[in-house]
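Chemist:
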Amino acid sequence: MNTIERDNTYVAHAYGRFPISIVDGHGSILVDENGKEYIDFGSGIGVNIFGVNDEVWKMAVIDQIEKVQHTSNLYYTEPCTKLAELLCEKTGMKKVFFSNSGAEANECAIKAARRYAFQKYGDGHSTIITLKNSFHGRTITTLAATGQEHYHEEFTPFTEGFVYAEANNIEDVKRLAKENKCIAVMVEIIQGEGGVCPLTEEFVKAVREFTEENDMLMIVDEVQTGNGRSGMLYSYMNYDVMPDIVSTAKGIGGGLPLGATMLGEKVKDIFTPGSHGSTFGGNPVSTAGAVSIIERIDDKLLAEVREKSVYIFNELGKADGVEEVTGMGLMIGIKCKKPAGDVLKTCMDNGLLVLTAKDKVRLLPALNIDFDVLKKGIDILKKAIAE
Ligand SMILES: Cc1ncc(COP(=O)(O)O)c(C=O)c1O
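For any residue, its number in our numbering is found by taking its place in the sequence shown, counting from 1, and adding 1.
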């Protein structure tokens with residue numbers, strides 16, 4: 002059996018995989034087992050923000066593997082400390098809890114909010130407002146936080162204590178807060194899995210104002226939008242607000258599993274020894290790689306992300322067969338006249354890998370994608386949309 006046949010036989014069918022087995026690559030080019038090259042506009046769903054085979058990240062990881070690969074969280078290690086310091090310096094958040102994925106980073110955010118409210122207001126103050134059309138992960142609690150019914154089917158019962166407001170409707174947030182003992186509002190600044198739908202600046206600012214006035218926490222899920230993806234280090238920075246809790250994953254690890262939950266002033270000391278934990282969280286290899294990623298997301302790179310974004314919006318905005326282009330930075334959704342799945346398939350046949358989100362084609366290319374490669378990919382995409 003080849004890889005595809007073996008996978009179909011032995012790996013649980015949770016994914017609808019495409020019939021491509023990736024064996025190699027460099028930068029934004031992936032190579033399959035037959036030697037066919039693809040331009041990668043997905044970067045492992047927003048993970049490989051410096052592409053594949055990134056020399057700097059690779060050397061940081063190898064250097065740490067050659068020393069100590071894991072110690073447990075009973076001892077201190079330098080990479081974990083360094084990464085936490087870097088994140089706090091760059092965001093103004095105060096402390097960081099490390100885990101291994103986006104769902105876990107959100108679990109931690111939810112636990113932090115619940116503990117804060119419990120300690121301050123007692124039992125029963127636990128409801129978190131999330132948004133309709135949101136996506137926060139696949140664990141039972143983060144699925145409960147996810148405001149999309151179809152993810153909930155056949156997995157009941159869920160963790161209690163989530164209510165869902167209309168996105169961009171502050172009156173709905175206020176109504177839910179009045180009807181329940183709400184402790185927090187949790188949002189994605191751009192709803193990724195929901196179809197690359199940015200929240201309005203007005204709404205995000207109103208959520209911040211309302212939560213501040215009512216001693217509710219504002220949690221921002223930056224799992225997909227974070228780490229430079231939106232053209233700012235974290236997407237909330239586009240709207241000039243300061244959340245209480247920020248969760249992230251995907252791009253921060255550069256390809257190794259890593260989640261981070263950044264805790265602001267109000268909740269910085271919420272966790273005490275034994276109250277939360279993770280065997281692998283903050284693993285020295287993952288965090289050594291992550292330091293090399295976060296250090297390179299500087300003003301120059303972010304300016305480049307914004308420049309590439311303008312190029313993509315301009316090109317696709319006027320392209321045949323395109324109805325709407327949404328998103329921010331290098332997180333872009335394209336509503337086409339044709340079904341998104343058909344566009345994806347034509348692109349794949351022509352050597353370009355794109356993603357979909359709901360009824361849109363979704364692009365999450367590496368932040369450092371070469372302009373030439375980007376242009377070539379956009380040409381393939383425009384033809385696929387128009388054909
Ligand atoms: C906004 C958001 N939150 C959470 C998650 C879950 O992350 P993970 O798959 O790493 O658990 C995702 C994954 O797509 C996401 O986009």
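From the three backbone atoms N, C-alpha and C, an ideal C-beta is built for every residue, glycine too.
Note that the structure is a prediction, hence the values are computed from the model and not measured.
With Ala-320 as the anchor, note down where its beta strand (DSSP E) starts and where it stops.
Modeler: Where Ala-320 is concerned, there is no enclosing beta strand (DSSP E), given that its DSSP letter is neither H nor E.
Chemist: Hey, quick one: how far does the beta strand (DSSP E) through Val-24 stretch, first residue to last?
Modeler: That run of the beta strand (DSSP E) goes 23-27.
Chemist: With DSSP collapsed to three states, give me the class of Val-12.
Modeler: DSSP places Val-12 in coil when its eight states are reduced to three.
Chemist: Measuring straight from C-alpha to C-alpha, what distance separates Ile-21 and Val-48?
Modeler: So the two alpha carbons sit approximately 19 angstroms from each other.
Chemist: Judging by CA-CA distance, which residue of Leu-218, Ile-386, Cys-183 and Asn-74 is the nearest neighbour of Gly-322?
Modeler: Of the listed residues, the one whose Cα sits closest to Gly-322 is Ile-386.
Chemist: Counting C-beta neighbours from all protein chains within 10 Å, is the total for His-137 16 or more, i.e. buried, or is it exposed?
Modeler: Looking at its Cβ environment, which holds 16 or more other Cβ atoms inside 10 Å, His-137 is buried.
Chemist: What does the Cβ neighbour count give for Lys-251, buried or exposed, with the cut at 16 atoms within 10 Å?
Modeler: Buried is the call here.
Chemist: List the endpoints of the continuous beta strand (DSSP E) containing Met-332.
Modeler: Note, Met-332: beta strand (DSSP E), 332-337.
Chemist: Along the chain, where does the alpha helix (DSSP H) containing Ile-171 start, and where does it finish?
Modeler: Taken as a continuous stretch (DSSP letters only), the alpha helix (DSSP H) holding Ile-171 covers 171-180.
Chemist: Reducing DSSP to helix, strand and coil, say where Gly-328 ends up.
Modeler: In this structure, Gly-328 counts as strand in the three-state DSSP scheme.
Chemist: Select from Ile-184, Arg-230, Thr-78 and Tyr-11 the residue whose C-alpha is nearest the C-alpha of Gly-283.
Modeler: Looking at the Cα atoms, Thr-78 is the closest of the given residues.
Chemist: If we ignore side chains and look at the alpha-carbon of each, how far apart do Asn-228 and Leu-234 end up?
Modeler: Those two C-alpha atoms are separated by around 5 angstroms.
Chemist: For the pair the stretch 366-379 and the stretch 300-318, tell me if three or more CB-CB distances fall below 8 angstroms.
Modeler: As far as the Cβ criterion goes, the stretch 366-379 touches the stretch 300-318, which means the pair count is three or higher.
Chemist: With H, G and I counted as helix, E and B as strand and the rest as coil, what does DSSP make of Arg-18?
Modeler: Arg-18 falls in the coil class under three-state DSSP.
Chemist: Look at the alpha carbon of Met-2 and the alpha carbon of Val-286, and state the distance between them as a whole number of angstroms.
Modeler: Cα-Cα distance, rounded: 33 angstroms.
Chemist: Judging by CA-CA distance, which residue of Thr-201, Val-247 and Thr-72 is the nearest neighbour of Lys-91?
Modeler: Ranking Thr-201, Val-247 and Thr-72 by Cα distance to Lys-91 puts Val-247 first.
Chemist: May I ask you to check if the CB of Phe-136 is nearer than 6 angstroms to at least one heavy atom of ligand 1?
Modeler: The answer is yes for Phe-136.
Chemist: State the CB to CB distance for the pair Ala-168 and Met-217, rounded to an integer number of angstroms; the pair is presumed to be in contact (CB under 8 angstroms).
Modeler: Between Met-217 and Ala-168 the Cβ distance is about 17 angstroms, and since that is not below 8 angstroms, they are no contact.
Chemist: Report yes if the C-beta distance between Val-224 and Thr-201 is below 7 angstroms; otherwise report no.
Modeler: No, the pair does not count as a contact, with Cβ atoms beyond the cut-off.
Chemist: Compute the Euclidean distance between the alpha carbons of Glu-189 and Gly-195, then round it to the nearest angstrom.
Modeler: Each residue's alpha carbon lies about 10 angstroms from the other.
Chemist: With a Cβ-Cβ cutoff of 7 angstroms, do Arg-209 and Val-164 count as a contact?
Modeler: No, the Cβ-Cβ distance between Arg-209 and Val-164 is not below 7 angstroms.
Chemist: For a quick check, are the C-beta atoms of Asp-331 and Ile-40 less than 7 angstroms apart?
Modeler: The sequence given here places Leu at residue 331; Asp does not occur at that position. For Leu-331 and Ile-40, no; Cβs fall outside 7 angstroms.
Chemist: Asp-33 and Ile-23 look like a contact to me (Cβ under 8 angstroms); what is the Cβ gap, rounded to whole Å?
Modeler: That pair is a contact at about 6 angstroms.
Chemist: Where in the stretch 235-272 do unbroken runs of the beta strand (DSSP E), each at least 3 residues long, occur, reported from the N-terminal end onward?
Modeler: Runs found: 246-249 and 260-264.
Chemist: Going by Cα to Cα distance, which pick from Tyr-240, Glu-86 and Cys-81 is closest to Ser-100?
Modeler: Selected option, being the one with the closest Cα: Cys-81.
Chemist: Go through its chain and collect everything with a Cβ distance to Asn-74's Cβ below 8 angstroms, but skip five positions before and after it.
Modeler: Cβ within range, chain order: Gly-278, Ser-279, Thr-280, Gly-282 and Gly-283.
Chemist: Cβ-heavy atom distance between Glu-86 and ligand 1 below 6 angstroms?
Modeler: Checking the Cβ of Glu-86 against ligand 1 gives no.
Chemist: I want to know whether the stretch 261-268 touches the stretch 107-122 - three or more CB-CB distances under 8 angstroms.
Modeler: The answer is yes - the stretch 107-122 touches the stretch 261-268, with three or more Cβ pairs under 8 angstroms.
Chemist: With C-beta atoms as the reference, is Pro-199 less than 7 angstroms away from Met-219?
Modeler: The answer is no: Cβ separation not under 7 angstroms.
Chemist: Please confirm whether any heavy atom of ligand 1 lies closer than 6 angstroms to the CB of Glu-108.
Modeler: Outside the cutoff, so no.
Chemist: Beta strand (DSSP E) containing Ser-100: first to last residue?
Modeler: Start and end: 96-100.
Chemist: For ligand 1, any of its heavy atoms closer than 6 angstroms to the Cβ of Ser-73?
Modeler: For ligand 1, not one heavy atom lies less than 6 angstroms from the Cβ of Ser-73.
Chemist: Less than 6 angstroms separating the Cβ of Gln-120 from some heavy atom of ligand 1?
Modeler: False, no ligand heavy atom lies under 6 angstroms from that Cβ.
Chemist: Closer than 6 angstroms to a non-hydrogen atom of ligand 1 - does that hold for the CB of Ser-279?
Modeler: Because no heavy atom of ligand 1 lies under 6 angstroms away, the Cβ of Ser-279 does not count as near it: no.
Chemist: Would you mind reading off the limits of the beta strand (DSSP E) that contains Val-164?
Modeler: First-last of the beta strand (DSSP E) with Val-164: 163-166.
Chemist: What number of angstroms, rounded off, separates the C-alpha of Val-205 from the C-alpha of Thr-10?
Modeler: Whole-angstrom Cα-Cα distance: 46 angstroms.
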